[in-house]
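J.:
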């Protein structure tokens, strides 16, 4: 089984430096890409079937093809790596950022070449200080070798790449909120269209891409689209960094073929549930995805199959709910997070999430009513996709609406018994 | 035009508008909050949701925000669809979650967009059963009250204040349902347009603090169509009255002038009307005693004086055409003098000549569309404030072109701003001192007035070599002139703005030459000259003689009496000269407020402030506009032209006998002054009726009419009559929409707030139905204008002397608003300003006491250091301070006080 993304990561937890990275074949893809026409790189990525690993799964090559090219197109163009990994339960980009920062740098060099970007930013979650230091080091090393800066690899092209540590809000991870934050403004989302590919950072054409997505690029360029597609067990190409947290024996993050089932993740890689607890369900791809239950354990974890099962692959890092943990409390905790992180721009989000948080707190504290359950249903409808300005609130609705669907008895019991059965002991 | 279908009915709409705009434009009721016709769409509140159906077969449809949706041909839209109606009710429910529901004690109540929209969506019961969020409010100065607990997070305030008006001291902070709109710390707003927050805010977060002192609900106010008396732009206002006091002023939309916004001087300057300094009754001085006298006695004395010999009449740039003309009729045109300084008189005469020859004056709407602008020697924000807000929008025009290129519609406000970033279209500003528009200027130049004129002439010469060349121009100035000229040449619709600030004829001529050169090059030029007072241009059009000649005539003992109309001459000339003038004959003053000039009068006749008067004003755009009294004046106070008419009557002069109402005076003016003939059409005459009825000044919900004065007499008094206008003083009258010039207020079924203006426009943000108010008196001239050689010599600083120029202040420089308490609080203290280098050379630090010595007077003033003020130039505040009456520019000495 090939693990191209994580193969170079050292077992001792230290970062792989430039020399070691190059010894292991690093920057060959970048050299190769510099000899390619930008349109050819876009074509290769398109053919590979790579879909964005940030959660939405948009085809990467297609996104790049929307960037206006030609001598009359606006300049400079920007490439932004979205390293604001703030999705609860998600820690997969961190593995790449801390373990192999040069892979990201190389991926960005190639991507910048493809879209004609002269400037790039790594927008990093503020708490990822270790990753920040390592990226700085990688940038410094790459610059000293002439891989970044002016006339990189003698190609005549410039690529200036910098690190920006986020001030720390979930909204900064939303593509357009990130752009506002990077410009020094409030991280409110922007209306689309115009898409960032046309008017993005500082009003210029911009591609924002997840870390894991960018880390795939050198391998695709080096080994080709067919190779990439074959890595997968299903129709969605590549490997995927999967993760599991919750009361499993071995929480962690693993690079596995795209389409690995939830069962395999849970039983084989995470070592199964801890002794004395049973699996009740899981959020398959971070906090903003719908619960799946034991009935779905054999669903292959790729974009298509998880969507068919009623959830989203999201970040591919699942949070497991067990039978000794209160689902209402868990959802309350999540909605507290989402309500707190609402930027306050659109009404259904700031009002709906706050209300949902209050209701869940009340139910958990034994002050809930059946009327409250009707309100939660209503709030989920109000914050459905298309009703809100960005995807934050529809994402927040996913664990809530699916918990109401799969665990109604737990909510009703809280209301009936006027207490949390878990919190107060059964 | 494309056709769309809304709930099955076809509508033809402009595809460049968003769907919400299109629906509202057709009179459909679709609730909204964050969208504003002047601020565009941002999609925040999600209130204007509609259903869009793919085709006839699509039965489910998709919920979309109308304000963020570009209409497409044959689009199938539903507002009434039950699912989207529920959604909109859910949005209001969310917005109202923490709203205090304090309508009974909220100043916005009864004129609240949030109330209107809540009722429109049908939400009426709060299901949210948790604690509401609360905020600490801020003291935002004397103009606005802050009550953040009412906030619904629509972001209109910060979008207006920071994005539209360029304010820097107000912002949005915090997140989620706790978003806070305010300043970093308590304190008065820095923007001159803050008052618009009162109308921009859809609820009661920002409310008029001056109105709070004497609060009355909208439905209990009596309004009138009026025109702002505080500068020459002629912004349309709706003042409201109850119990004989003026309670507030709100914007009265005029698509050609003020649009949706007023400046703070215009909105809050009204309180002089309620001042304790009002002159309540006629009074006369006998020996050294002053006593109130009856109207009959006053007229008797006045007519006796008038019959006894020659009268000198001093007109006023803040009095109506009618009052000025009545004075002219009384004293004779040969004895009618301008009530402004001779320097301003000369300049106004020059301006009038320029505007008549062309370029003709442009409206604010035209200037807003300019794609490049040059401001020559004018501090627009402080002299004609609303124009500054317009110029701030015109610098966005080029960005609109860029947005259109990438397919962003012009209504998508934030997308355009994100694309543009800090870019803006060309704006060049030349001024002796910094101006509030400098932050959006491409280039600025600080120079003495003559050097500003030279820069302008140089630009004109580059544009058209037939224009006079400027000898001895410094290289950097020539280079800058070249850049300005090339930029203007590259534009399609340049705007050229100058005005009275520097009181320099050459500056205005230079601006005119630039405009002429651009017109010759085929450009569509917008030209504007800022003037100071509400009827500066109207007075000039009555062709008065200069005040200095009145002083000379009086000193020769030619006059039996001097009649001063609504004017404090101590603001127009040095005190000694005014003392001598007023001491040379018997003095009659007609005015509404006490002033040093009133103190000198033997006979004082109380006239009406704008809110109690009818009349016609000519704006700096040459637009004649009629304003109407909001309520009848108390006691024996009457319009100045009424007093003068009465005297003419006693003298058996034909005017006195034939002028029974305003229309008669208007007709008299139109016949006597051909240039003013069109003022007849400024508004329908007093005989105008709709279905036989007058137009009500009071809203249909006006309460207490029959009992308001019950403490005096229980029987209801007869409502006052208004022979001068087609408006009634009560709520009775035609229930339909009058012409724009007679619209007292905006209000329509279900739309109680000022946002109801939507319902009165031909299209959203377009003209009011039937055309915006006012008639243009100055049309573009047919013959091409000529250049005159009037290039001044370069400014040379003098040893030990400074050229003192006046610097206008929006708060403080204008006579009437400065007597309104809220404005007075914001007025700076008197000062003299020097550039940093000159201050250093003088050895004076900021705040040091210095002696300013002019030929006519001297005064001790604190020093203000104004970086950038050119060497050899000093600035004094216009209109206040110990040297206020001395017309500048003048040379004077400045010495450090020992």
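Residue numbers (the working numbering), protein chains in the order written: chain A, 55 to 480; chain Y, 440 to 1337.
Beta carbons are placed, not taken as given, at the ideal position from N, Cα and C, and that holds for glycine.
None of the values given here were measured: they were computed from a predicted structure.
Residue 400(A) CB to nearest chain Y CB: under 8 Å?
T.: Taking Cβ atoms only, chain Y reaches closer than 8 Å to residue 400(A), which makes this a yes.
J.: Please state the DSSP three-state secondary structure of residue 307(A).
T.: Residue 307(A) falls in the strand class under three-state DSSP.
J.: Between which two residues does the beta strand (DSSP E) holding residue 612(Y) run?
T.: Here the beta strand (DSSP E) through residue 612(Y) covers 610-612.
J.: Residue ranges of each alpha helix (DSSP H) run of no fewer than 4 residues wholly in the stretch 1029-1113 of chain Y, ordered along the chain?
T.: Within the stretch 1029-1113 of chain Y, the complete alpha helix (DSSP H) runs of at least 4 residues are 1035-1038, 1079-1089, 1093-1097, 1101-1111.
J.: Just the Cα atoms here: how many angstroms apart are residue 1149(Y) and residue 1026(Y)?
T.: Roughly 42 Å separates the two Cα atoms.
J.: Is it buried or exposed for residue 543(Y), if we count other Cβ within 10 angstroms and need 16 for buried?
T.: So residue 543(Y) ends up on the exposed side.
J.: Is residue 691(Y) near residue 1253(Y), with beta carbons less than 8 Å apart?
T.: Contact: no.
J.: Give the straight-line distance between the Cα atoms of residue 422(A) and residue 510(Y), rounded to the nearest whole angstrom.
T.: Straight-line Cα distance between these residues: approximately 44 Å.
J.: Should the stretch 391-400 of chain A be regarded as contacting the stretch 230-244 of chain A, the criterion being three or more beta carbon pairs within less than 8 Å?
T.: Cβ pair count under 8 Å is three or more, so yes.
J.: For residue 770(Y), which of 1229(Y), 585(Y), 658(Y), 753(Y) has the nearest alpha-carbon?
T.: Cα-wise, what sits closest to residue 770(Y) is 753(Y).
J.: Find the residues of chain Y that neighbour residue 252(A), judging by a C-beta separation of less than 7 Å, and give them in chain order.
T.: Within 7 Å Cβ-Cβ: 845.
J.: Along the stretch 456-474 of chain A, where does the CB come closer than 8 Å to a CB of chain Y? Name the residues.
T.: If the cut-off is 8 Å between Cβ atoms, the stretch 456-474 of chain A has nothing near chain Y.
J.: Within its chain, find whatever has a CB closer than 7 Å to the CB of residue 1275(Y); leave out the 5 residues flanking it on each side and keep chain order.
T.: For residue 1275(Y), where only same-chain residues beyond five positions count, the Cβ hits under 7 Å are 1304, 1306.
J.: Just to make sure I have the definition right: I need the residues of chain Y whose C-beta is within less than 9 Å of the C-beta of residue 394(A). Which are they?
T.: Those are 614, 615, listed as they occur along chain Y.
J.: If we ignore side chains and look at the alpha-carbon of each, how far apart do residue 480(A) and residue 609(Y) end up?
T.: With a pLDDT of 48 at residue 480(A), under the threshold of 50, the predicted position of this residue should be treated as unreliable, though the coordinate-derived value follows. The straight-line gap from Cα to Cα measures roughly 54 Å.
J.: Listed from N- to C-terminal order along the chain, which residues in the stretch 241-267 of chain A have their beta-carbon within a distance smaller than 8 Å of any beta-carbon of chain Y?
T.: From the stretch 241-267 of chain A, only 244, 245, 247, 248, 252, 253, 256, 257 have a Cβ closer than 8 Å to chain Y.
J.: Could you compute how far the alpha carbon of residue 393(A) sits from the alpha carbon of residue 427(A)?
T.: Distance between the alpha carbons of residue 393(A) and residue 427(A): 18 Å.
J.: Three or more C-beta pairs under 8 Å: does that hold for the stretch 887-896 of chain Y against the stretch 1222-1241 of chain Y?
T.: The stretch 887-896 of chain Y vs the stretch 1222-1241 of chain Y: in contact.
J.: How far does the beta strand (DSSP E) with residue 402(A) in it extend, from its first residue to its last?
T.: Residue 402(A) -> not in any beta strand (DSSP E); alpha helix (DSSP H) instead, spanning 401-418.
J.: Taking 8 Å as the CB-CB cut-off, is residue 418(A) touching chain Y?
T.: Chain Y contact via Cβ: absent.
J.: Using 8 Å for Cβ pairs, my map puts residue 852(Y) next to residue 618(Y). What's the rounded Cβ distance?
T.: So it is not a contact: roughly 19 Å between Cβ atoms.
J.: In chain A, what lies closer than 8 Å to residue 854(Y) by C-beta?
T.: Those are 244, 245, 247, 248, 253, listed as they occur along chain A.
J.: Can you confirm whether residue 308(A), when its beta carbon is compared against all beta carbons of chain Y, has any partner nearer than 8 Å?
T.: By this cut-off, residue 308(A) is not an interface position.
J.: Along the beta strand (DSSP E) that carries residue 127(A), what are the first and last residues, could you check?
T.: Here residue 127(A) belongs to no beta strand (DSSP E), and DSSP marks it neither H nor E.
J.: Taking 8 Å as the CB-CB cut-off, is residue 440(Y) touching chain A?
T.: Judged by the 8 Å Cβ criterion, residue 440(Y) is not in contact with chain A.
J.: Quick check on the DSSP output: the beta strand (DSSP E) that includes residue 866(Y) runs from which residue to which?
T.: Looking at the DSSP string, the run of the beta strand (DSSP E) that includes residue 866(Y) is 866-870.
J.: Using DSSP's beta-bridge definition, name the partner residues of residue 1332(Y).
T.: Answer by DSSP bridge pairing, in chain order: 1292(Y).
J.: Of all Cβ atoms in chain Y, is any one closer than 8 Å to the Cβ of residue 480(A)?
T.: Since pLDDT at residue 480(A) reaches only 48, below the 50 mark, its modelled position is unreliable, and the value read off the structure follows with that caveat. For residue 480(A), the answer is no, since every Cβ of chain Y falls outside 8 Å of its Cβ.
J.: Given that residue 484(Y) touches chain A, what residues does it touch there, using C-beta distances under 8 Å?
T.: The answer, in chain order, is 400, 401.
J.: Contact defined as beta carbons within less than 8 Å: I believe residue 1208(Y) pairs with residue 1176(Y). What is the distance between those atoms, to the nearest angstrom?
T.: The Cβ separation is near 7 Å, so the contact holds.
J.: Assuming residue 373(A) and residue 299(A) are in contact, meaning their beta carbons sit under 8 Å apart, how far apart are those beta carbons, in whole angstroms?
T.: Rounded, the Cβ-Cβ distance is 5 Å, consistent with contact.
J.: Residue 397(A) versus chain B: which residues are under 8 Å apart at the beta carbon?
T.: The structure shown has no chain B; the protein chains it does contain are A and Y.
J.: Could you list the residues in the stretch 559-579 of chain Y with a C-beta less than 9 Å from some C-beta on chain A, going in chain order?
T.: Against chain A - using a Cβ distance shorter than 9 Å - the residues of the stretch 559-579 of chain Y are 566, 567, 568, 569, 570, 572.
J.: Below 8 Å on the Cβ atoms is my guess for residue 938(Y) versus residue 823(Y); work out the distance and round it to an integer in Å.
T.: The Cβ separation is near 7 Å, so the contact holds.
J.: Closer than 7 Å between beta carbons: that is the criterion. Which residues of the stretch 531-552 of chain Y meet it against chain A?
T.: The stretch 531-552 of chain Y vs chain A, Cβ under 7 Å: 533, 534, 536.
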